[in-house]
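*Asks:* Residue numbers (our numbering), protein chains in the order written: chain S, 4 to 248; chain H, 4 to 248.
Before I ask anything, let me first share the structure, which is written out below as structure tokens.
2 protein chains.
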Amino acid sequence: MNQWKQGSDARLPLYQRLREEIMDRIASGEWPPDKPIPTEAALTQRYDVAVGTVRKAIDTLVHDGLLERSQGRGTFIRRPDFDASLFRFFRQVDAAGHARVPDSRILARTLEQPAEPIARALALPVEEQTLKLDRLRTLEDGSVLKEEIWLPATRFAPLKEIELERFGTLLYPFYESQCGQRVGSARETLTVETADQETAQALGIATGDPVVVIERVALGYDRTPLEYRRSRGPAATFRYQVEIS
Amino acid sequence: MNQWKQGSDARLPLYQRLREEIMDRIASGEWPPDKPIPTEAALTQRYDVAVGTVRKAIDTLVHDGLLERSQGRGTFIRRPDFDASLFRFFRQVDAAGHARVPDSRILARTLEQPAEPIARALALPVEEQTLKLDRLRTLEDGSVLKEEIWLPATRFAPLKEIELERFGTLLYPFYESQCGQRVGSARETLTVETADQETAQALGIATGDPVVVIERVALGYDRTPLEYRRSRGPAATFRYQVEIS
DNA sequence: CAGTGGTCTAGACCACTGT
DNA sequence: CAGTGGTCTAGACCACTGC
């Protein structure tokens, strides 16, 4: 019954060791993401602990956003929630009060030797090639974003061939279906700069106007960097909110 | 033994009703903030539930940041953690690589009839007066912030008399000691604008340079708005980060 | 040493989901 | 209806804190 892996520190509380076990299973892809993970009863038997301990381990993972429970159906591996993304904070309505349809267009695709900061963000050796996408996005409010996206070329090889029109508005499901690469989390960084002439033109603002720069590193469930993205949008339509407690 | 208050919906799980009870006690100030709240055993008896239920209620409150446990000492009401504040994201080091000593100076104190948006943020009728403070802050990195602070004048009456030099760098402990007003949480909003001449001069940047505006509403433990604050700092030294999962 | 929270167990019963 | 997670109980033992 006792199917513990090696290496977990026996001094840690049981529920924490169990938590590590479950995270390993998720990272390794051992449990398919569209089916429930083993039931509480199954885990209880497999690891020879009490239900309460299994519940506590799962509780912490639910809390950290890795799992999601659904009464009567089971416990599932959660997809990251990009509602928390900084992109959400471009204003919901444009100057005329209209909400426009979000849209996305790939302008260019090139193979590129990554510059040092990009290679570092992707944890790639600089010799490795990246697939670079230039993209123009329209958000719900009509704001325009100019995006540069770098992907490790070997991992995303299939994307080299596919026609640009077939890239959808949502890239992550596309990565998953075409390349089997699943995004499990991401880290975003916000800074502000002033628009140079080219950016200003693309965003429909004046040169020198403030621009919000959002950088994102997207990671797999095993924490491998999968995508590095740098997006620029007009700062005038940006409004971000935090709760402190 | 059964000391439940009225009004809690009997259809809710016990631990959620207990949670509400505890939140009420905190909001009402019934439990002093510097002493532990009643022990698990005491709550078990007082509300006639099992320890596990008390633990679960407290767990959720710890998780939401209202309480804080300390093994062997007890469970305490937590103070809000302003490390989560957006202010933390002005760069840690200035252009010369020095870290300077944070500082703060009150430039002016006036009684003001609040403009409509400020009255709304403080949930005050526009007839109510506010005490307005103008303040210049230096952060660890040497960035300068220009701050405007509005307080409900009646609630903060003692501050009308005190000499400006006696206002410390940290205002919240000062509010508490002088006026008995404790801050329990806050909401911050970030936007970007360009510096007008006056702001540019105060911040030591050029007119038209981008400026980060942070608005903050600070609330008491009972969710009453206590302070509205609007701060402006140079956008060039600002860098904010979020995790998505 | 007494008192506190932390971990772990064992099991009852309820509520929801899919068939 | 069978199977899943959700709530609640009761109690043992451990680890830390302050006296």
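Every residue, glycine too, gets a C-beta built ideally from N, C-alpha and C.
Does the stretch 156-171 of chain S come within contact of the stretch 189-208 of chain S, defined as at least 3 CB pairs closer than 8 Å?
*Replies:* no
*Asks:* I'd like to know whether the C-beta of residue 199 of chain S is nearer than 8 Å to at least one C-beta of chain H.
*Replies:* Within the first sequence, the letter at position 196 stands for residue 199 of chain S. So no, residue 199 of chain S is outside the interface.
*Asks:* Tell me which residues of the stretch 170-197 of chain H have at least one Cβ-Cβ distance to chain S shorter than 9 Å, keeping chain order.
*Replies:* 187, 188, 189, 190, 191, 192, 193, 194, 195, 196 and 197
*Asks:* Measure from the alpha carbon of residue 205 of chain S to the alpha carbon of each residue in S/148, S/173 and S/170, then state which is nearest.
*Replies:* Along the first sequence, read from residue 1 onward, the residue named residue 205 of chain S stands at position 202. Among S/148, S/173 and S/170, the Cα nearest to that of residue 205 of chain S is on S/148.
*Asks:* Would you mind telling me which residues of chain H sit closer than 9 Å to residue 246 of chain S, beta carbon to beta carbon, in chain order?
*Replies:* Along the first sequence, one-based indexing puts residue 246 of chain S at 243. Residues of chain H passing the Cβ test: 87, 188, 189, 190 and 191.
*Asks:* Mind checking the stretch 228-242 of chain H against chain S and listing, in chain order, the residues whose C-beta falls within less than 9 Å of any C-beta there?
*Replies:* 238, 239, 241 and 242
*Asks:* Do residue 150 of chain S and residue 169 of chain S have their C-beta atoms closer together than 8 Å?
*Replies:* Counting from 1 along the first sequence, the entry for residue 150 of chain S is found at position 147. Counting from 1 along the first sequence, the entry for residue 169 of chain S is found at position 166. No, Cβ-Cβ distance for residue 150 of chain S and residue 169 of chain S is not below 8 Å.
*Asks:* Cutting at 7 Å between CB atoms, please list the residues of its own chain near residue 43 of chain S, excluding the five before and the five after it.
*Replies:* Here residue 43 of chain S refers to the residue found at position 40 when the first sequence is read from its first residue. Answer for residue 43 of chain S: 54, 57 and 58, listed in chain order.
*Asks:* Using only CA atoms, which one of S/108, S/106 and S/153 lies nearest to residue 120 of chain S?
*Replies:* Taking the first residue of the first sequence as position 1, residue 120 of chain S is located at position 117. Nearest option by C-alpha distance: S/153.
*Asks:* Spell out whether any CB of chain S is found under 8 Å from the CB atom of residue 225 of chain H.
*Replies:* Within the second sequence, the letter at position 222 stands for residue 225 of chain H. With 8 Å as the cut-off, residue 225 of chain H does not count as an interface residue toward chain S.
*Asks:* Using a Cβ-Cβ distance cut-off of 8 Å, determine whether residue 117 of chain H contacts chain S.
*Replies:* Translated into the one-based positions of the second sequence, residue 117 of chain H becomes position 114. Closer than 8 Å: no.
*Asks:* On a Cα-Cα basis, can you pick out the residue from H/181, H/129, H/136 and H/241 that is closest to residue 114 of chain H?
*Replies:* In the second sequence, counting from the first residue as 1, residue 114 of chain H sits at position 111. The candidate whose alpha carbon is nearest that of residue 114 of chain H is H/136.
*Asks:* Determine the contact status of residue 125 of chain S and residue 224 of chain S, defining contact as a CB-CB distance below 8 Å.
*Replies:* Counted from its first residue, the first sequence places residue 125 of chain S at position 122. Counted from its first residue, the first sequence places residue 224 of chain S at position 221. No, the Cβ-Cβ distance between residue 125 of chain S and residue 224 of chain S is not below 8 Å.
*Asks:* Identify the continuous beta strand (DSSP E) that holds residue 139 of chain S and give its terminal residues.
*Replies:* The residue given as residue 139 of chain S occupies position 136 in the first sequence. According to the DSSP assignment, residue 139 of chain S belongs to the beta strand (DSSP E) that extends over 133-141.
*Asks:* Buried or exposed: residue 186 of chain S, going by 16 or more other Cβ atoms within 10 Å of its Cβ?
*Replies:* Position 183 of the first sequence, counting from 1, holds the residue named residue 186 of chain S. It is buried - the Cβ of residue 186 of chain S has at least 16 other Cβ atoms within 10 Å.
*Asks:* Nearest chain H C-beta to residue 36 of chain S closer than 8 Å, yes or no?
*Replies:* Position 33 of the first sequence, counted from the first residue, corresponds to residue 36 of chain S. No, because no Cβ of chain H sits closer than 8 Å to the Cβ of residue 36 of chain S.
*Asks:* Rounded to the nearest angstrom, what separates residue 81 of chain H and residue 217 of chain H at their Cα positions?
*Replies:* Position 78 of the second sequence, counted from the start, is the residue given in the question as residue 81 of chain H. Position 214 of the second sequence, counted from the start, is the residue given in the question as residue 217 of chain H. So the alpha carbons of these two residues sit roughly 24 Å apart.
*Asks:* Hey, would you say residue 93 of chain H sits closer than 8 Å to residue 142 of chain H, going by beta carbons?
*Replies:* As a first step, residue 93 of chain H is located in the second sequence; it is residue number 90 there, counting from the start. As a first step, residue 142 of chain H is located in the second sequence; it is residue number 139 there, counting from the start. Yes. Within cutoff.
*Asks:* Between H/209, H/212, H/192 and H/17, which has its C-alpha nearest residue 233 of chain H's C-alpha?
*Replies:* As a first step, residue 233 of chain H is located in the second sequence; it is residue number 230 there, counting from the start. The shortest C-alpha separation from residue 233 of chain H is found at H/192.
*Asks:* Rounded to whole angstroms, what is the Cα-Cα separation between residue 34 of chain S and residue 28 of chain S?
*Replies:* In the first sequence, counting from the first residue as 1, residue 34 of chain S sits at position 31. In the first sequence, counting from the first residue as 1, residue 28 of chain S sits at position 25. Rounded to the nearest angstrom, the two C-alpha atoms are 6 Å apart.
*Asks:* So residue 32 of chain H contacts chain S; which residues on that side make the cut at Cβ distance below 7 Å?
*Replies:* In the second sequence, the residue the question calls residue 32 of chain H occupies position 29. Under the 7 Å cutoff, chain S gives no residues; its nearest Cβ is about 17 Å from residue 32 of chain H.
*Asks:* Given that a residue counts as buried once 16 or more other Cβ atoms are within 10 Å of its Cβ, and exposed if not, what is residue 200 of chain S?
*Replies:* Taking the first residue of the first sequence as position 1, residue 200 of chain S is located at position 197. Residue 200 of chain S should be labelled exposed.
*Asks:* Here's the rule: buried if 16 or more other CB atoms are within 10 angstroms of the residue's CB, otherwise exposed. What is residue 212 of chain H?
*Replies:* Taking the first residue of the second sequence as position 1, residue 212 of chain H is located at position 209. When all chains shown are included, residue 212 of chain H counts as buried.
*Asks:* What residue range is occupied by the uninterrupted beta strand (DSSP E) comprising residue 128 of chain S?
*Replies:* Start at 1 with the first residue of the first sequence, and residue 128 of chain S comes out as number 125. Element bounds for residue 128 of chain S: n/a, residue is neither H nor E.
*Asks:* Three-state secondary structure (DSSP) at residue 85 of chain S?
*Replies:* The residue given as residue 85 of chain S occupies position 82 in the first sequence. If DSSP states are grouped into helix, strand and coil, residue 85 of chain S belongs with the helices.
*Asks:* I'd like to know if residue 137 of chain H contacts chain S, where contact means its C-beta is closer than 8 Å to some C-beta of that chain.
*Replies:* Translated into positions along the second sequence, residue 137 of chain H becomes position 134. For residue 137 of chain H, the answer is no, since every Cβ of chain S falls outside 8 Å of its Cβ.
*Asks:* If you measure between the beta carbons of residue 41 of chain S and residue 49 of chain S, is that distance less than 8 Å?
*Replies:* Within the first sequence, numbered from 1, the residue matching residue 41 of chain S stands at position 38. Within the first sequence, numbered from 1, the residue matching residue 49 of chain S stands at position 46. Their beta carbons are under 8 Å apart, which means residue 41 of chain S touches residue 49 of chain S by this criterion.
*Asks:* Using a Cβ-Cβ distance cut-off of 8 Å, determine whether residue 213 of chain S contacts chain H.
*Replies:* Sequence index remark: in the first sequence, residue 213 of chain S carries index 210 (1-based). Yes - at least one Cβ of chain H is within 8 Å of the one on residue 213 of chain S.
*Asks:* Pick helix, strand or coil for residue 14 of chain H, following the three-state DSSP scheme.
*Replies:* Position 11 of the second sequence, counted from the start, is the residue given in the question as residue 14 of chain H. In this structure, residue 14 of chain H counts as coil in the three-state DSSP scheme.
*Asks:* Can you tell me whether residue 118 of chain S is buried or exposed? The criterion is at least 16 other CB atoms within 10 Å of its CB, across all chains shown.
*Replies:* Translated into positions along the first sequence, residue 118 of chain S becomes position 115. Here residue 118 of chain S is exposed, its C-beta having fewer than 16 other C-beta atoms within 10 Å.
*Asks:* Compute the Euclidean distance between the alpha carbons of residue 244 of chain S and residue 190 of chain H, then round it to the nearest angstrom.
*Replies:* Walking along the first sequence from the start, residue 244 of chain S turns up at place 241. Walking along the second sequence from the start, residue 190 of chain H turns up at place 187. If I take the Cα positions, the gap works out to 7 Å.
*Asks:* Residue range of the beta strand (DSSP E) that residue 195 of chain H falls in?
*Replies:* Numbered from its first residue, the second sequence carries residue 195 of chain H at position 192. Segment 186-197, the beta strand (DSSP E) holding residue 195 of chain H.
*Asks:* Would you mind stating whether residue 106 of chain H and residue 240 of chain H have Cβ atoms separated by less than 8 Å?
*Replies:* Translated into positions along the second sequence, residue 106 of chain H becomes position 103. Translated into positions along the second sequence, residue 240 of chain H becomes position 237. Taking 8 Å as the Cβ cut-off, residue 106 of chain H and residue 240 of chain H do not qualify as a contacting pair.
*Asks:* When you compare each of H/219, H/235 and H/236 to residue 87 of chain H by their alpha carbons, which one comes out closest?
*Replies:* By one-based count along the second sequence, residue 87 of chain H stands at place 84. Cα-wise, what sits closest to residue 87 of chain H is H/219.
*Asks:* So, does the CB of residue 83 of chain S fall closer than 8 Å to a CB anywhere in chain H?
*Replies:* Walking along the first sequence from the start, residue 83 of chain S turns up at place 80. Yes, its Cβ sits closer than 8 Å to a Cβ of chain H.
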